[in-house]
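For reference, the structure discussed in these notes is given below.
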Amino acid sequence: MSRRTQIIDFVVTELKKINGAVDSRTAPTRSSYTYKTNVFNNVFRRMKYINEINDFPTLCVTSGGEDRVEIGGGVRFGTITIDIRGYIKSTDNSLDEAENLGDDIEFVINTLNIETNASTFQI
Numbered sequence: 001m002s003r004r005t006q007i008i009d010f011v012v013t014e015l016k017k018i019n020g021a022v023d024s025r026t027a028p029t030r031s032s033y034t035y036k037t038n039v040f041n042n043v044f045r046r047m048k049y050i051n052e053i054n055d056f057p058t059l060c061v062t063s064g065g066e067d068r069v070e071i072g073g074g075v076r077f078g079t080i081t082i083d084i085r086g087y088i089k090s091t092d093n094s095l096d097e098a099e100n101l102g103d104d105i106e107f108v109i110n111t112l113n114i115e116t117n118a119s120t121f122q123i
């Protein structure tokens, strides 16, 4: 399994934690957070067209371009772009629902650096 695949799978696993409940994982830099939406495990590691989606909200995660920089001494740094597309459906106010989903995604992504430890890998 390539490193890129591992990173995407890790992000998908973390996004599946958006479940409408309280995320009470402790970290020195943050307090508990209550998710505003529940994705019901509808997080996929490939893009889907709208006609393929039956359950909302749905998140699709893919990797974009990759840049590598060799700084010498056999040391290379690489960065990849990760695209996250969210689909929501609401009869009331879809803009508010989209904003809530965006807030939850932002929380999960910002927490990745805090939560990585010896059992995972540094992103």
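The opening residue of the sequence shown carries number 1 in full-length UniProt numbering; numbering runs sequentially from there.
Quick reminder that beta carbons are idealized off the backbone N, C-alpha and C, glycines included.
F56 is the residue among G78, T34 and F56 whose C-alpha sits nearest the C-alpha of F44.
Excluding five sequence positions before and after V12, the CB atoms of its chain that fall closer than 7 Å to its own CB belong to V43, R45 and V61, given in chain order. Distance from the CA atom of N41 to the CA atom of G102, rounded to whole angstroms, is 16 Å. Of the candidates Y35, I82 and A21, the residue whose Cα lies closest to the Cα of Q6 is I82. Taking a C-beta distance under 8 Å as the contact criterion, I80 and S63 qualify as a contact pair. As the crow flies, the alpha-carbon of N93 is around 25 Å from that of I109.
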